[in-house]
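Number of protein chains: 2
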Amino acid sequence: MSEEVLLARVKALEEEVGRLKAQLKVERDGAGTGERTEAPGSFKHQEGEENRARQKKRERPFDFSAHPRRHVALRLAYLGWQYQGFAVQENTDNTVEARLFEALLKTKLIQDRQTSNYHRCGRTDKGVSAFSQVISIDLRSTQCGGGLGVTVPADVEVKGKASAEELPYVKMLNRVLPQDIRILQWAPVESGFSARFDCQSRTYRYYFPRGDLDVELMAEAVKRYEGTHDFRNLCKMDVGNGVLQFQRTILSANVQPAQLNPTCPIDPHQLYVFQVKGLAFLYHQVRCMMALLLLIGQKLEAPEIIDQLLDVEKNPRKPQYSMAVDYPLVLYDCRFEGVNWNNEREEETHVLNSLHQHWVQNSVKTQVLLGMIQGLQNTNTEMTSLQCWLMEGSRQRKYTPLLERPRCESLESRIQHFVKRGRLEQEEGENGEETTVFKGKRSKHSHLTTTNQLQEQNHEAKTEENV
Amino acid sequence: MSEEVLLARVKALEEEVGRLKAQLKVERDGAGTGERTEAPGSFKHQEGEENRARQKKRERPFDFSAHPRRHVALRLAYLGWQYQGFAVQENTDNTVEARLFEALLKTKLIQDRQTSNYHRCGRTDKGVSAFSQVISIDLRSTQCGGGLGVTVPADVEVKGKASAEELPYVKMLNRVLPQDIRILQWAPVESGFSARFDCQSRTYRYYFPRGDLDVELMAEAVKRYEGTHDFRNLCKMDVGNGVLQFQRTILSANVQPAQLNPTCPIDPHQLYVFQVKGLAFLYHQVRCMMALLLLIGQKLEAPEIIDQLLDVEKNPRKPQYSMAVDYPLVLYDCRFEGVNWNNEREEETHVLNSLHQHWVQNSVKTQVLLGMIQGLQNTNTEMTSLQCWLMEGSRQRKYTPLLERPRCESLESRIQHFVKRGRLEQEEGENGEETTVFKGKRSKHSHLTTTNQLQEQNHEAKTEENV
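So the sequence lines, in the order shown, correspond to chains A and B. Going by our numbering, the first residue of the first sequence is number 367, and it counts up by one from there. Going by our numbering, the first residue of the second sequence is number 367, and it counts up by one from there.
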């Protein structure tokens, strides 16, 4: 190909890149989600990176060892709609954690992830949001005089009197994080504190429109989830990642109107919320629980289906069914005992303003749509069925009861699969019963789990998986 | 630059283009608005166009003269958030009209725009939506036996009995239009019918959250708009396009809750609607009217400010103030006498489903945001001021009353400006008074206005401008 032609092609492509970036900015500004200036992978981004790299070489490296460090808990909120999940992934940079660690590194609050003693409370999936995600981590500190969770380097002078105020972690991080990820609070914690293992309970909310669902029936049925049950039929089993037992405890579960004083008469556009509080949750568990509730609300299944699927002796293999979609789900609360969260009035106000700005845009657009819907419904009086938009995958014309459907692989079969591959070992325990021990590298996210995998086994009932 | 380097650059740029397009698709799919496959200006789009051009050459040209044509009215709805306005523009392809004409040409319902006898009822601006935009146009017809508004070519055999059913205009167009533009109905009309000049009234809705506004005061004040007034201080004057007189008639104006049975107690998150019905509207008129209402609702201006700005003798020059933002505005209804709209039950159902799908997504996301807002407000009890998000431009710290602000150019001054440039002529009328006559090409959209500009002058009071 001649040089001329190539040059022309380069020029044309550069123009197209410019156009696409401008469009992307318009879309993103319109959605009001992020303030990321350069799309990752773009040439400007790359040039920016090269500049930064050059700048780094010129700067004196930051001497972390000269500073105290302290173990802290950070409470954060994020809108998950524009991300590929919370946890860092191999095949994409677009995760909440990736942005978080960029911010931690940029503010020099940590030296690197590997040595930052990082634990996370939950691992929300693509599209899922959080109002109360909690992480624990070691951050740079000013507290040369020590304090809760503070480690002062040996050669740093310990001042008699109280040191200056601690670094404004929340403000520092929010300044560099994208708008849709916000640190809400921080708390000093003991060096042994773990956001993952010390979490006492996690609460999720799933919002849905009433449509023509029997919400009263759903509100009754949901109580069957409470208690300790084997939820293998209400999750996506992740044996490959070492999840081998599926008993989980639901402390409370309810279905109610999202807003107090719901409108009368019965309004299909009224929003409801499925709220569930548990010790820990399995991969996609809440979305499977919601899927069952939607089937019950449509009277396609009886409330007893919950008990039947929780009865793993009668039903050792999960029927094939779609889970509920991702965007209505929010990790709403994580509880920790004895953690004193600092008040961050000013930062909270900023976050409130930002949330309000998005809320105004979203609620007004929602009303524009509703106005048109009501304009059409004057002449079109069919019942408003809305739940189809909440299920993954395509809708089947004829409904097949769950217990009549093909079944997925059983737990035992999956275990054997990994035993054969040498990833799991079956050993004889003290009483002669078989126990299965996870052995070797985990798939995908091995570098992200804690180094102490035995500790994980023991804490499995308290660990959080993708929901 | 060596060929190798150039080839590498081409490859890298092509990859970046691919990435950006994928991101753009994610953003657009996320916003749930359009099914446009290739971004305009992209190479694939260009290649697609080249293919289509080649295909055109190969096909036998469609013989429009062999078919009857009929004058029809089309009622359409669109979500304006992803478009640069309704009317075709020189500097962008991203308009509702552009998509509309693509569909009309693709379905071979028209031969070209210029000969299609096209009129539009309203010309909504960037970001503004419509539930009832109406256009009149000549479309291809099957009615060889004639009918209302039908013209049968001389050499086409007129059949004695009734011809086959008319073409399914609504279905044909909706199949090729983007999802966020929908034809709702069509109606046969007399050949002299004009969507622009025969419109009896236009109704706009502007949705806004209550926040801490005095909505009762706004509901009182809004009545001052009713009647016939000179609205030059409540619009963006467009003298360059021949708009020289600003008297407009408002048939009704009100402010009320968007939904019946508003919640008690007073809820800052309750949505209200400003609904205004008039014969015709000036450029940005509704958004200026809304801006004044918001100032009144904040008690920054008294309701009398409306009367004062409508008094063009006392206030011949408009104070500088921002109008309200675009996305809450909807052209909700256009009334025409004696037009019999066909029932399109099936199409209506499709549109309803599509609107419901978007509504579910939007309302659920709105609730996610509200849940977080309420979670923060438990500890943060400041009054919820929301109207700032509805004003264009940046907020001033200290409020300056409108009548104390700098003023914009007067109408007379603007007219002189164009007279000097030879675009307007001032003539002496019969009684000796001066009249101003528009002369010569209009700026920007001259090719889009009707050829009969005198007719336009006479009909100015009934014409629609960008709102």
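Glycine included, C-beta positions come from ideal geometry on N, C-alpha and C. Please read these numbers as outputs of a predicted model, since none were measured by experiment.
Quick check on residue i: buried or exposed, where buried means 16 or more other Cβ atoms within 10 Å of its Cβ?
i                     : result
residue 632 (chain B) : exposed
residue 710 (chain A) : buried
residue 427 (chain B) : exposed
residue 813 (chain A) : Residue placement at residue 813 (chain A) is poorly supported in this model, since its pLDDT is 34, which falls under 50; the coordinates are not used for a value here.
residue 764 (chain B) : exposed
residue 593 (chain A) : exposed
residue 657 (chain A) : buried
residue 516 (chain A) : buried
residue 371 (chain B) : exposed
residue 482 (chain B) : buried
residue 665 (chain A) : exposed
residue 761 (chain B) : exposed
residue 519 (chain B) : exposed
residue 490 (chain B) : buried
residue 397 (chain B) : Interpretation of residue 397 (chain B) is limited by its pLDDT of 46, a score under 50 that renders its predicted location unreliable; the figure taken from the coordinates is listed afterwards. Answer is buried; the Cβ neighbour count reaches 16.
residue 388 (chain A) : exposed
residue 599 (chain A) : buried
residue 486 (chain A) : buried
residue 788 (chain A) : exposed
residue 729 (chain A) : buried
residue 531 (chain B) : exposed
If residue i sits next to residue j, beta carbons under 8 Å apart, how far is it from one beta carbon to the other, in whole angstroms?
i                     : j                     : result
residue 504 (chain B) : residue 433 (chain B) : Residue 504 (chain B) to residue 433 (chain B), Cβ: 11 Å. No contact.
residue 758 (chain B) : residue 689 (chain B) : 6 Å
residue 475 (chain A) : residue 506 (chain A) : 5 Å
residue 637 (chain A) : residue 497 (chain A) : With 8 Å as the limit, residue 637 (chain A) and residue 497 (chain A) do not qualify as a contact, their Cβ atoms being about 16 Å apart.
residue 551 (chain B) : residue 707 (chain B) : 4 Å
residue 386 (chain A) : residue 383 (chain B) : 6 Å
residue 713 (chain A) : residue 742 (chain B) : Residue 713 (chain A) to residue 742 (chain B), Cβ: 10 Å. No contact.
residue 548 (chain B) : residue 717 (chain B) : 5 Å
residue 727 (chain B) : residue 693 (chain A) : 7 Å
residue 621 (chain A) : residue 660 (chain A) : Incorrect: roughly 11 Å between the Cβ atoms, too far for contact.
residue 586 (chain B) : residue 669 (chain B) : 6 Å
residue 700 (chain A) : residue 488 (chain A) : 7 Å
Mind checking whether residue i and residue j have CB atoms under 7 Å apart?
i                     : j                     : result
residue 768 (chain A) : residue 649 (chain A) : no
residue 577 (chain A) : residue 623 (chain A) : no
residue 735 (chain B) : residue 691 (chain B) : no
residue 732 (chain B) : residue 508 (chain A) : no
residue 445 (chain B) : residue 495 (chain B) : yes
residue 588 (chain A) : residue 553 (chain A) : no
residue 663 (chain A) : residue 603 (chain A) : no
residue 451 (chain A) : residue 492 (chain A) : yes
residue 908 (chain A) : residue 739 (chain B) : Residue 908 (chain A) lies beyond the stretch modelled for chain A, which goes from 367 to 833, so this question has no answer here.
residue 651 (chain A) : residue 597 (chain A) : yes
residue 702 (chain A) : residue 564 (chain A) : yes
residue 454 (chain B) : residue 443 (chain B) : no
residue 671 (chain B) : residue 590 (chain B) : no
residue 379 (chain B) : residue 379 (chain A) : yes
residue 780 (chain A) : residue 683 (chain A) : no
residue 562 (chain A) : residue 685 (chain A) : no
residue 575 (chain A) : residue 695 (chain A) : no
residue 676 (chain B) : residue 783 (chain B) : no
residue 555 (chain A) : residue 646 (chain A) : no
residue 430 (chain A) : residue 477 (chain A) : yes
message: I'd like the ranges of any beta strand (DSSP E) spanning at least 3 consecutive residues and lying wholly in the stretch 417–466 of chain B.
response: 435–444
At least 3 beta-carbon pairs within less than 8 Å: the stretch 530–540 of chain A vs the stretch 595–608 of chain A: no
- prompt: Does the stretch 637–645 of chain A come within contact of the stretch 565–572 of chain A, defined as at least 3 CB pairs closer than 8 Å?
  reply: yes
message: Contact between the stretch 369–380 of chain A and the stretch 369–380 of chain B is defined here as three or more beta-carbon pairs at a separation below 8 Å; is this criterion met?
response: yes
- prompt: Does the count of Cβ pairs from the stretch 467–474 of chain A and the stretch 541–548 of chain A closer than 8 Å reach three?
  reply: yes
query: Which runs of the alpha helix (DSSP H) spanning at least 4 residues fall entirely within the stretch 645–686 of chain B, listed in chain order?
result: 651–663, 670–676
- prompt: Which parts of the stretch 482–522 of chain A are runs of the beta strand (DSSP E), unbroken and 3 residues or longer, counting only runs that do not cross its ends?
  reply: 495–506
field: Secondary structure, alpha helix (DSSP H): runs of 4+ residues fully inside the stretch 554–638 of chain B
entry: 581–587
- request: Please list the segments of the beta strand (DSSP E) lying wholly inside the stretch 686–760 of chain B, counting only runs of 3 or more residues, in order along the chain.
  value: 695–701
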